[in-house]
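**Q** Here it is, the structure in full.
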Amino acid sequence: MLSEADNQTLTKVTRGTPMGQFLRRFWTPILLSRELPEPDCPPIRVRIFGEDLVAFRDTKGQVGLLEELCPHRQTSLFFGRNEEDGLRCIYHGWKFDVTGQCVDMPTEGPESNFKSKVKIISYPARDCGGLIWAYLGPIEAMPPELPSFRFMDVPPEYRLHTKYLRECNFLQALDGGIDSVHTNFLHAGLDRYQRNEDFNERARRSDDLDLRYRTVDKAPKFFARRTSYGLLVASRRTVEDEGNYYWRFNQFLTPYYSMTPRGGGGHAFVPLDDYNCWSFNLESRVDRPFTEEERERAHSGIAADVDLAGGIHMNKRIPGTFRAAANLANDFLIDREMQRTKNFTGVVGTGTQDSMAQITMGAIVDRTKEHLGITDVGIIQARRLLLDEIKQLQDGVSPTEATSPESYSVVGIQFVEDQSVTFDECIERHQNEIYAQLTT
Amino acid sequence: MLSEADNQTLTKVTRGTPMGQFLRRFWTPILLSRELPEPDCPPIRVRIFGEDLVAFRDTKGQVGLLEELCPHRQTSLFFGRNEEDGLRCIYHGWKFDVTGQCVDMPTEGPESNFKSKVKIISYPARDCGGLIWAYLGPIEAMPPELPSFRFMDVPPEYRLHTKYLRECNFLQALDGGIDSVHTNFLHAGLDRYQRNEDFNERARRSDDLDLRYRTVDKAPKFFARRTSYGLLVASRRTVEDEGNYYWRFNQFLTPYYSMTPRGGGGHAFVPLDDYNCWSFNLESRVDRPFTEEERERAHSGIAADVDLAGGIHMNKRIPGTFRAAANLANDFLIDREMQRTKNFTGVVGTGTQDSMAQITMGAIVDRTKEHLGITDVGIIQARRLLLDEIKQLQDGVSPTEATSPESYSVVGIQFVEDQSVTFDECIERHQNEIYAQLTT
Amino acid sequence: MLSEADNQTLTKVTRGTPMGQFLRRFWTPILLSRELPEPDCPPIRVRIFGEDLVAFRDTKGQVGLLEELCPHRQTSLFFGRNEEDGLRCIYHGWKFDVTGQCVDMPTEGPESNFKSKVKIISYPARDCGGLIWAYLGPIEAMPPELPSFRFMDVPPEYRLHTKYLRECNFLQALDGGIDSVHTNFLHAGLDRYQRNEDFNERARRSDDLDLRYRTVDKAPKFFARRTSYGLLVASRRTVEDEGNYYWRFNQFLTPYYSMTPRGGGGHAFVPLDDYNCWSFNLESRVDRPFTEEERERAHSGIAADVDLAGGIHMNKRIPGTFRAAANLANDFLIDREMQRTKNFTGVVGTGTQDSMAQITMGAIVDRTKEHLGITDVGIIQARRLLLDEIKQLQDGVSPTEATSPESYSVVGIQFVEDQSVTFDECIERHQNEIYAQLTT
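Taken in sequence, the protein lines are chains E, R and Y. Everything in the first sequence is counted per the numbering used here, starting at 7 for the first residue and increasing by one. Everything in the second sequence is counted per the numbering used here, starting at 7 for the first residue and increasing by one. Everything in the third sequence is counted per the numbering used here, starting at 7 for the first residue and increasing by one.
Spelled out as structure tokens, the structure:
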């Protein structure tokens, strides 16, 4: 539960709000790199933190991120012609380069100097690790480096990124990314949830820790520790018959990243505005490139594993868009017979299940009505961390001083330890894995 | 015509408003019983008086009506699993019984007592007479009995209930249910409206009083009398050539029921919120069960009688919904050629005709602009009655003291009397029919 | 650039606003005549200056324009029966003539005098020149004459009018109609824009001044002169190799008409409300009737000329409506490959190109953010003129005193003159053409 004031502080992202100022101090993933596939390709609309912008890749391959409307008469530059190192407005031909400088103004004639005086808002943008990044904060506070995620270091073939729109405030998505206990329910097939004899037999024979242990204990104990990148959130499940603990480490990286305990992947939940966010689904590996089939499955949103859940990419989309085909307007295509006999929700796909849980709370959930329990330690700590860092920024301490971009190369992990090993000892023992090369 | 203040008082239904308080003192029809067909069937959304709720039928067959959002993290319980005497949230598995008590909280572990402290809003609900009823008022003022409608007493096969959404304030629908003179126009075929020689010949040979006399006099005289259930509204048409009066008795039962003069049927116009109401269409008979064909016709909305009007159920619906296929967005599928040559409106179906007349007034009609005439006696008296009872409630008199649930077993009737018989004498003479067993 | 206050003054059109009062002093085109094709045809909805009305043609052929809702119970008269010199409400049969007088009130009985006391808002309406005109201002200030456009004087076969909805404030459409330099870009094929050797060779051989000269000079010099009808706006392009000037005269006729320089045609941009306007596309000729093929092309919106632009009518519509099939919701069906290789915009049709440029500014563009240049003289002067006339009206001078209805028979023209001829001399020399009989 939060006060109304804290809920406002944590959820409102437009310019001038505390969270809006905070978020603008980070490099922000705004697009998949493949959305601007080549020089002079069509420009695209970008809505980020409530600002309407247009992104384009110029003839040299540089990415520009400009305010949407032409300063001449306010026609949208999204419809502009991307040509010869600049974006040209279709109404009267004014042209702008990636810095926002007007570089051609044909209606004024060749002798005019007017164009040199017209410059529009542009934000620094970079193409790295399969994502387009932008910086929307004050230039003097711009972090020199992008966060050093694992997927930044591998060749493109070893990465697999997707995205879709989630029609709710980003903090609801982030809460879900940190709260790993919900996987016992929301993402569980009925066999895994109920753990009958057959399932247990199958689980015992499996190498997959997640399959074997995730639902053995429905009330895991939670731990959290602040780090240089954000928060390490651990859930500990008791494995009665083995006398062990099954540990899952989720990572929360400020301001909106989470890394799942299965390793190698995570999400960025980036606000378009107060009521919508992107789920960027980020995956990489080091052992081999992703196969075409893996890419096809991730992009198409075809999912079917033991839980009818699937991986981090799963969500069938409306063709030609990044909107989920199963959405609030159609009750997420819930199948009540499937819910009765196959899985917990009656819907297919991890992403759709998360969307169902989060979007039905309302565009911005009223957190004054929450009743948080012992498994909500992670989200409580993460919210506190964000409130603290926002406060620090108001006191003059930049989040890039508080956090550390080079520390972002962590992943989530899972492991089993003897019941005598403490949380602190676990961190020490598995430190290398958290930072280790990925294998999935 | 009403003052702006009275119009507000009569139309606003959310919690805390005068009408909202008044309506909440009655047992309210919220669903058709068949919408919750069996124990542990899928839960459904209920919006009533501006409140968003979820209804379900538990393993024992009891109906629960709960606030929609789970108290844990505010995920919608509409998507919940209905299982073993409770509704379980899909996010973290918290489970609630029909009283709103949390009965399972798996994330807290078996030893926790937290669940006993968590109880959500639930409203008493009953399944009776083919409808699900709920009580949303103060518990200490809950009427012990449901209103004793005729259709409560007959076996299910002798009832035929339908419903559809009407996208306007409930009072517009109720005004229409009380105002019986509009049937001379809105629901009339051109032959009945014009009464040419052919039609009159056909009418003379018919046993149907409605067909013979309804349009003989387009300016009927109106009478109203307050009763223990609400208002008896009578219209009296002069039958010139027979020297008689043709009487039609409509019944208005507080707070939103009307019974049509053709007997055996009526409507409940129940507010979803200020701008939408359900038309529950309630019919019963005592002579024989309804046939499959009659049910099929009522449910499918296929209508075609002499007036292209049909009975109380008529309204083709968008498949899978209770929304009318002919609606404001498509101009009620008006056919101007039909309007020129066949019937008064150019649309088919009594319900669609009513919706066209009422919805096009606006979501809440501005009654300060009305010009009421001599045939509007019924609606004037009904509004006055509602204002009086709201005032009484504010003075501490419950409407269930003012009205009398056991008196709700009245029906509308029609008959012919000599011109010497007064309104009061008519009531006395036909008292038995008003309360008689139904035959249609 | 405008102040926020001036932008409000120029764009808000509802009753009581300065522009709303100003616009209501003119005869206003509200419908194409063929939308009310014959006596007793179906009535249609009219939304104009934010008022919801219903238009009908009575048995005598007279046009009535009434407030939409019946004064009895506020049911929409749009659904009414148009019969025997009046529009009859479908709810209770009240009937109104073209003056708004209630002429039948069947529910009150024949002896009642109530109907004579009920009269609703009606506006004077006329059918002339292929358009239905209405006057929504104070009756005592009603101009006796309609504006004397050229198309008023020719037989119906010599006129070709169309209309479509443009989803933005009317001033954006009007700005576009006055600003003729945008045709060099927005409406240009790439060959015309780039003027390579092939194109220049083709242009040299053409009689079409527009084709030959429009894009020879991308920074034309602008001139404007106030007239008795509004503003004459001239653009002068230098034709280097011939040592001439190519002149284009656009006409702005208060309050929202523009006449294109190609002669014979123009637009009326009439506000439905603050956020939508009609583009009435008005064309006439004197040499011969329009052919069936020309009409078919104009009505269907099939366009394909050298610029993929077409004439003033071009805009494919959603069947059964006056809404453009290419609209903001589908990004005006922009084809990026066409934009790269064929024309400046990637969309087909002058109207669609204009809509794209204007609608993407927002429903009401924020003119405080404009950066106007030397080619914006026309729109600057036109806005100033409107502000002056609004101010005059507030000082008690009617716009029909300021302007002169009989002077509206001007057209736009184009011509070539020696570089020694001044703007004033051009007007003098071509005065006759501006008022000449049309030939296209």
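Yeah, the Cβ is synthetic: ideal placement off N, Cα and C, and Gly gets one too.
1. What does DSSP give as the partner residues of residue 167 of chain Y in its beta bridges?
2. Which of the three DSSP states is assigned to residue 377 of chain R in this structure?
3. For a test of the three-state rule: what should DSSP assign to residue 81 of chain E, helix, strand or coil?
4. Just to confirm, is the Cβ distance from residue 102 of chain Y to residue 72 of chain Y under 8 Å?
5. Given residue 409 of chain Y, which residues of its chain have a CB within under 7 Å of its CB, disregarding the five upstream and five downstream residues?
6. Thinking residue 190 of chain R and residue 224 of chain R are a contact (beta carbons under 8 Å), I'd like their distance in whole angstroms, please.
7. Does the region 198 to 217 of chain E come within contact of the region 160 to 180 of chain E, defined as at least 3 CB pairs closer than 8 Å?
8. Report back the beta-carbon spacing between residue 417 of chain E and residue 156 of chain E to the nearest angstrom; my notes put them in contact at under 8 Å.
9. Using a cut-off of 9 Å between C-beta atoms, extract the partners of residue 187 of chain E located in chain R.
10. Quick check: what's the CA-CA separation for residue 139 of chain R versus residue 344 of chain R?
11. Give, in chain order, every unbroken run of the alpha helix (DSSP H) that is at least 4 residues long and sits entirely within the region 187 to 245 of chain E.
12. Taking DSSP's pairing of strands, which residues face residue 107 of chain E in a bridge?
13. Measure the C-alpha to C-alpha separation of residue 268 of chain R and residue 281 of chain Y and round it to an integer number of angstroms.
14. Quick one: is residue 377 of chain Y near chain E, going by C-beta distance under 8 Å?
15. So residue 323 of chain Y contacts chain R; which residues on that side make the cut at Cβ distance below 9 Å?
16. So that I know if they touch, is there some Cβ in chain R lying closer than 8 Å to that of residue 381 of chain E?
17. For residue 350 of chain E, return the contacting residues in chain R, with the cut-off set at a CB-CB distance below 9 Å.
18. Can you grab the Cα-Cα spacing for the pair residue 246 of chain E / residue 122 of chain R, in whole Å?
19. Quickly, what does DSSP pair residue 70 of chain E with across the bridge? List them, please.
20. In chain order, what residues of the same chain have a beta carbon less than 8 Å from the beta carbon of residue 37 of chain R, not counting five sequence neighbours either side?
21. Evaluate contact between the region 192 to 208 of chain E and the region 390 to 398 of chain E, counting only Cβ atoms and requiring at least three cross-stretch pairs below 8 Å.
22. Locate the alpha helix (DSSP H) running through residue 439 of chain R, then write down its first and last residues.
23. Mark residue 57 of chain R as exposed unless 16 or more other C-beta atoms lie within 10 angstroms of its C-beta, in which case mark it buried.
24. Classify residue 168 of chain Y: buried if its beta carbon has 16 or more other beta carbons within 10 angstroms, exposed otherwise.
25. Is residue 403 of chain R buried or exposed, if buried means 16 or more other CB atoms sit within 10 Å of its CB?
26. Tell me which residues of the region 67 to 85 of chain R have at least one Cβ-Cβ distance to chain B shorter than 8 Å, keeping chain order.
27. Can you give the beta carbon distance from residue 152 of chain Y to residue 411 of chain Y, rounded, assuming they're within the 8 Å contact cut?
28. If we count Cβ pairs, one from each stretch, closer than 8 Å, do we get three or more for the region 98 to 112 of chain E versus the region 33 to 47 of chain E?
29. Kindly indicate which three-state DSSP category residue 264 of chain R falls into: helix, strand or coil?
30. Where does residue 153 of chain E sit, in a helix, a strand or coil, going by DSSP?
31. Are the C-beta of residue 120 of chain E and some C-beta of chain Y separated by less than 8 Å?
32. Measuring alpha carbon to alpha carbon, tell me which residue in E/70, E/274, E/44 and E/47 is nearest residue 289 of chain E.
33. In whole angstroms, give me the CA-to-CA distance for residue 231 of chain R and residue 82 of chain R.
34. Return helix, strand or coil for residue 30 of chain E, following the three-state DSSP convention.
35. State whether the region 363 to 381 of chain Y contacts the region 115 to 131 of chain Y, with contact taken as three or more CB pairs (one from each stretch) at a distance under 8 Å.
36. Could you tell me whether the Cβ of residue 158 of chain R comes closer than 8 Å to any Cβ of chain Y?
**A** Once the coordinates are examined:
1. Counting from one through the third sequence, the residue named residue 167 of chain Y turns up at place 161. Beta bridge pairing from DSSP links residue 167 of chain Y with Y/288.
2. Translated into positions along the second sequence, residue 377 of chain R becomes position 371. Looking at residue 377 of chain R - three-state DSSP - the assignment turns out to be coil, as it is neither helix nor strand.
3. Taking the first sequence and counting its residues from 1, the one referred to as residue 81 of chain E is at position 75. The DSSP-derived three-state label of residue 81 of chain E is coil.
4. Residue mapping note: residue 102 of chain Y aligns to position 96 of the third sequence, counting from 1. Residue mapping note: residue 72 of chain Y aligns to position 66 of the third sequence, counting from 1. A contact, by the Cβ cut-off of 8 Å.
5. Counting from one through the third sequence, the residue named residue 409 of chain Y turns up at place 403. Non-local beta-carbon contacts of residue 409 of chain Y in its own chain, meaning distances under 7 Å to residues more than five positions away in sequence, involve 234, 235, 236 and 260 in chain order.
6. As a first step, residue 190 of chain R must be located in the second sequence, where it is residue number 184. As a first step, residue 224 of chain R must be located in the second sequence, where it is residue number 218. Their Cβ separation, rounded to whole angstroms, is 5 Å, which keeps residue 190 of chain R and residue 224 of chain R in contact under 8 Å.
7. As far as the Cβ criterion goes, the region 198 to 217 of chain E does not touch the region 160 to 180 of chain E, which means the pair count is below three.
8. Position 411 of the first sequence, counting from 1, holds the residue named residue 417 of chain E. Position 150 of the first sequence, counting from 1, holds the residue named residue 156 of chain E. About 6 Å; that satisfies the 8 Å criterion.
9. As a first step, residue 187 of chain E is located in the first sequence; it is residue number 181 there, counting from the start. Ordered by position in chain R, the residues that pass the 9 Å Cβ test against residue 187 of chain E are 98 and 113.
10. Within the second sequence, residue 139 of chain R is the residue found at index 133, counting from 1. Within the second sequence, residue 344 of chain R is the residue found at index 338, counting from 1. The straight-line gap from Cα to Cα measures roughly 40 Å.
11. The qualifying runs are 196 to 200, 203 to 210 and 215 to 219.
12. Translated into the one-based positions of the first sequence, residue 107 of chain E becomes position 101. Beta bridge pairing from DSSP links residue 107 of chain E with E/125.
13. Translated into the one-based positions of the second sequence, residue 268 of chain R becomes position 262. Translated into the one-based positions of the third sequence, residue 281 of chain Y becomes position 275. If I take the Cα positions, the gap works out to 49 Å.
14. Numbered from 1 along the third sequence, position 371 holds the residue referred to as residue 377 of chain Y. So, interface residue.
15. Position 317 of the third sequence, counted from the first residue, corresponds to residue 323 of chain Y. Ordered by position in chain R, no residue passes the 9 Å Cβ test against residue 323 of chain Y, which lies about 18 Å from the chain.
16. Residue numbering aside, residue 381 of chain E sits at position 375 when the first sequence is read from its first letter. Interface flag for residue 381 of chain E against chain R is set, since a Cβ pair is found closer than 8 Å.
17. If you number the first sequence from 1, residue 350 of chain E lands on position 344. The contact set of residue 350 of chain E on chain R, defined by CB atoms closer than 9 Å, consists of 87, 94, 96 and 99 in chain order.
18. For the purposes of this step, residue 246 of chain E is identified with residue 240 of the first sequence, where counting begins at 1. For the purposes of this step, residue 122 of chain R is identified with residue 116 of the second sequence, where counting begins at 1. Answer to the nearest angstrom: the Cα atoms are 27 Å apart.
19. In the first sequence, residue 70 of chain E corresponds to position 64, counting from 1. Under DSSP, residue 70 of chain E shares a beta bridge with E/62.
20. As a working note, residue 37 of chain R is residue 31 in the second sequence. Here residue 37 of chain R has 50, 52, 61, 137 and 138 as same chain residues with Cβ atoms under 8 Å from its own Cβ, once five neighbours each way along the sequence are excluded.
21. Short answer: they don't touch.
22. The residue labelled residue 439 of chain R in the question sits at position 433 within the second sequence. First-last of the alpha helix (DSSP H) with residue 439 of chain R: 429 to 441.
23. Counting from one through the second sequence, the residue named residue 57 of chain R turns up at place 51. Buried, since its Cβ has 16 or more Cβ neighbours within 10 Å.
24. The sequence position of residue 168 of chain Y within the third sequence is 162, counting from 1. By the neighbour-count definition (other C-beta atoms within 10 Å, threshold 16), residue 168 of chain Y is a buried residue.
25. Locating residue 403 of chain R in the second sequence gives position 397, where the first residue counts as 1. Per the 10 Å Cβ criterion, exposed.
26. Within the model displayed, chain B is absent; protein chains E, R and Y are what it includes.
27. Position 146 of the third sequence, counted from the first residue, corresponds to residue 152 of chain Y. Position 405 of the third sequence, counted from the first residue, corresponds to residue 411 of chain Y. The Cβ separation is near 7 Å, so the contact holds.
28. The region 98 to 112 of chain E vs the region 33 to 47 of chain E: no contact.
29. Here residue 264 of chain R refers to the residue found at position 258 when the second sequence is read from its first residue. Strand, per DSSP.
30. Start at 1 with the first residue of the first sequence, and residue 153 of chain E comes out as number 147. Shown here, residue 153 of chain E sits in coil according to DSSP, grouped into three states, outside any helix or strand.
31. Residue mapping note: residue 120 of chain E aligns to position 114 of the first sequence, counting from 1. Yes, because at least one Cβ of chain Y sits closer than 8 Å to the Cβ of residue 120 of chain E.
32. Taking the first residue of the first sequence as 1, we reach residue 289 of chain E at position 283. Looking only at E/70, E/274, E/44 and E/47, the smallest Cα-Cα distance to residue 289 of chain E is reached by E/274.
33. Counting from 1 along the second sequence, the entry for residue 231 of chain R is found at position 225. Counting from 1 along the second sequence, the entry for residue 82 of chain R is found at position 76. Near 47 Å, if we compare the C-alpha coordinates of residue 82 of chain R and residue 231 of chain R.
34. Numbered from its first residue, the first sequence carries residue 30 of chain E at position 24. Residue state, collapsed to three classes: coil.
35. Contact between the region 363 to 381 of chain Y and the region 115 to 131 of chain Y is absent: fewer than 3 CB-CB pairs across the two stretches fall below 8 Å.
36. Position 152 of the second sequence, counting from 1, holds the residue named residue 158 of chain R. Not closer than 8 Å to any Cβ of chain Y, the Cβ of residue 158 of chain R fails to qualify, so no.
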